[in-house]
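Asks: In the numbering used here, the protein residues as written are 82 to 594.
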């Protein structure tokens with residue numbers, strides 16, 4: 082607490098005596114006008130900087146004696162009384178310190194989404210909002226506004242929400258100033274900072290702010306691919322069920338698989354990489370082909386609900402030379418043969434640049450792109466546009482992942498100027514380029530994915546693993562018999578010039594003759 086006492090010398094200047102709550106004193110000489118200016122500046126600074134739970138309380142009063150401290154009255158600004166810890170002329174510590182309604186935001190980051198990941202989030206937002214205008218320009222798997230070079234962003238914050246006798250750490254998507262949100266749909270962190278209630282989650286003590294923010298950004302696409310999404314209906318008690326296929330073996334693919342398994346889905350992690358140890362027992366590892374007959378993974382799994390592609394994008398082609406007609410045929414076959422209603426690619430713009438330009442020229446362009454989208458001020462330019470959080474991403478997905486310690490570490494993002502943008506990795510590049518190819522149907526697609534006109538026309542149930550080799554062999558023998566019969570008919574129709582030569586083809590022809 083600060084007290085002003087008259088200076089004892091002949092010029093009667095004023096002296097500020099600073100006494101903190103531990104009893105120590107600091108003195109400085111000034112005049113009344115400077116004192117008034119300091120008083121106003123300190124008050125405004127305390128409000129602007131959102132000082133939470135200060136250890137020193139400020140109150141001002143002029144006293145007539147340097148040996149006696151009188152009770153100070155706290156100033157009032159508007160309807161808010163700043164504070165006063167002076168009681169009965171004595172300075173003493175308040176047991177609860179000085180109360181405050183301002184809870185400082187501990188961390189703030191701009192999560193940036195680009196490439197196919199942004200397009201996938203936009204498709205979900207469009208379907209959840211049932212926008213007929215946007216639906217008319219793209220189908221359930223189709224192309225959205227994110228096909229251009231722009232990027233979208235969300236502002237993520239962590240802070241403390243204090244109620245009556247309780248407090249908790251919160252991570253969520255911040256409500257922008259111009260956003261339209263009811264008070265019942267938001268959580269206030271003080272200082273004018275609010276987060277969407279449906280897009281927020283409680284942060285356990287063992288989880289750092291950085292990991293909470295990176296996990297919040299990483300779970301956006303995972304939430305959009307969840308089989309339960311269409312049945313949310315505003316109910317926070319919903320659960321996830323069904324089968325999910327995750328393609329790739331990188332860090333993000335492993336996170337997506339563990340997240341889906343933790344949320345309740347049966348997950349098949351398809352990858353060419355080894356040494357992966359899933360955290361969830363709901364995750365099953367498999368390669369592009371299965372068994373001695375090299376059956377594609379899609380045929381082995383059968384029907385599934387969602388497909389998360391972390392190393393390619395069949396909706397737009399995995400390279401600049403891929404034809405949209407071929408890639409769209411893969412998507413249509415997934416839906417027709419495997420009842421897959423939701424295909425989602427998490428491929429970033431940086432991954433696409435590396436795949437198109439190669440490891441020699443691609444890294445420079447990827448770095449330039451990341452620097453461009455994370456430049457300060459881009460959120461107010463036409464390079465970035467704000468996107469809304471998917472409905473229920475916090476309460477249905479993020480909250481459970483944080484409680485179960487399923488985290489996507491902050492090291493998985495490129496951090497610059499408080500921005501989070503997911504880049505590329507050399508391991509993902511090698512897995513994409515080394516993935517075996519299937520040339521059936523005249524299309525160069527990744528092996529295991531269904532191809533129109535190929536041999537991938539039957540599927541296995543869970544109990545048909547032993548039947549599959551026999552089915553494949555039976556099909557091969559039937560095709561061979563048909564070829565022999567056709568050749569036999571052609572030979573019999575031919576005119577023979579030598580009556581002593583009888584044309585016979587195979588054992589079947591010998592028995593007939």
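C-beta: ideal position from N, C-alpha, C; glycine also.
Residue ranges of each alpha helix (DSSP H) run of no fewer than 4 residues wholly in the segment 238 to 296, ordered along the chain?
Replies: Correct list: empty.
Asks: Less than 9 Å between the beta carbons of residue 306 and residue 338, yes or no?
Replies: The residue given as residue 306 occupies position 225 in the chain shown. The residue given as residue 338 occupies position 257 in the chain shown. Cβ distance not < 9 Å, so residue 306 and residue 338 don't count as in contact.
Asks: Pull up the DSSP beta-bridge partners for residue 466, would you.
Replies: Working through the chain shown from its first residue, we reach residue 466 at position 385. Answer is 233.
Asks: Would residue 526 and residue 232 qualify as a contact pair, given that the criterion is a beta-carbon distance under 9 Å?
Replies: Numbered from its first residue, the chain shown carries residue 526 at position 445. Numbered from its first residue, the chain shown carries residue 232 at position 151. No, they are not a contact pair.
Asks: Determine, using beta carbons only, whether residue 192 and residue 297 come nearer to each other than 9 Å.
Replies: Within the chain shown, numbered from 1, the residue matching residue 192 stands at position 111. Within the chain shown, numbered from 1, the residue matching residue 297 stands at position 216. Yes, they are a contact pair.
Asks: Roughly how far, in whole angstroms, is the beta-carbon of residue 411 from the beta-carbon of residue 328, given that I think they are within contact range, below 8 Å?
Replies: Numbered from its first residue, the chain shown carries residue 411 at position 330. Numbered from its first residue, the chain shown carries residue 328 at position 247. Contact flag wrong, Cβ pair sits at about 12 Å.
Asks: Who are the near neighbours of residue 324 in its chain, counting only those whose CB is closer than 6 Å to its CB and skipping five residues on each side?
Replies: For the purposes of this step, residue 324 is taken as residue 243 along the chain shown, with counting starting at 1. Answer for residue 324: 347, 385 and 386, listed in chain order.
Asks: On a Cα-Cα basis, can you pick out the residue from 202, 350, 291 and 482 that is closest to residue 428?
Replies: For the purposes of this step, residue 428 is identified with residue 347 of the chain shown, where counting begins at 1. Nearest C-alpha to residue 428: 202.
Asks: Using the rule of at least 16 other Cβ atoms within 10 Å of the residue's Cβ for burial, across every protein chain shown, is residue 452 buried or exposed?
Replies: In the chain shown, the residue the question calls residue 452 occupies position 371. So residue 452 ends up on the exposed side.
Asks: Let me know the secondary structure DSSP gives residue 502 once reduced to three states.
Replies: Taking the first residue of the chain shown as position 1, residue 502 is located at position 421. It is a strand residue.
Asks: Taking contact to mean 3 or more Cβ pairs, one atom from each stretch, closer than 8 Å, check whether the segment 368 to 382 and the segment 339 to 359 are in contact.
Replies: These segments touch.
Asks: Where are the alpha helix (DSSP H) runs, 4 residues long or more, that stay fully inside the segment 332 to 406, in chain order?
Replies: If we require 4 residues or more, the alpha helix (DSSP H) runs fully inside the segment 332 to 406 come out as 332 to 344 and 378 to 382.
Asks: What whole-angstrom Cβ distance do residue 280 and residue 470 have, given they're in contact under 8 Å?
Replies: The residue labelled residue 280 in the question sits at position 199 within the chain shown. The residue labelled residue 470 in the question sits at position 389 within the chain shown. Yes, they are in contact, since the Cβ atoms of residue 280 and residue 470 sit about 4 Å apart, within 8 Å.
Asks: Whose CA, out of 187, 519, 208 and 189, lies closest to the CA of residue 376?
Replies: Residue numbering aside, residue 376 sits at position 295 when the chain shown is read from its first letter. Of the listed residues, the one whose Cα sits closest to residue 376 is 519.
Asks: Which same chain residues end up closer than 7 Å to residue 195 when comparing Cβ atoms and leaving out the 5 residues on each side of it in sequence?
Replies: Within the chain shown, the letter at position 114 stands for residue 195. Excluding residues within five positions, the ones whose Cβ falls inside 7 Å are 232, 429, 430 and 454.
Asks: Give the DSSP-derived three-state secondary structure of residue 488 in the structure shown.
Replies: As a first step, residue 488 is located in the chain shown; it is residue number 407 there, counting from the start. If DSSP states are grouped into helix, strand and coil, residue 488 belongs with coil.
Asks: Return the bridge partner residues of residue 424 from the DSSP annotation.
Replies: Position 343 of the chain shown holds residue 424. Paired residue(s): 388.
Asks: Where residue 486 and residue 288 are concerned, what is the direct C-alpha to C-alpha distance, given to the nearest angstrom?
Replies: Within the chain shown, the letter at position 405 stands for residue 486. Within the chain shown, the letter at position 207 stands for residue 288. Distance between the alpha carbons of residue 486 and residue 288: 8 Å.
Asks: Is DSSP giving residue 411 helix, strand or coil here?
Replies: Working through the chain shown from its first residue, we reach residue 411 at position 330. In this structure, residue 411 counts as helix in the three-state DSSP scheme.
Asks: Taking the straight line between their C-alpha atoms, what separation do you get for residue 502 and residue 484?
Replies: Residue numbering aside, residue 502 sits at position 421 when the chain shown is read from its first letter. Residue numbering aside, residue 484 sits at position 403 when the chain shown is read from its first letter. Between residue 502 and residue 484, the C-alpha separation is close to 24 Å.
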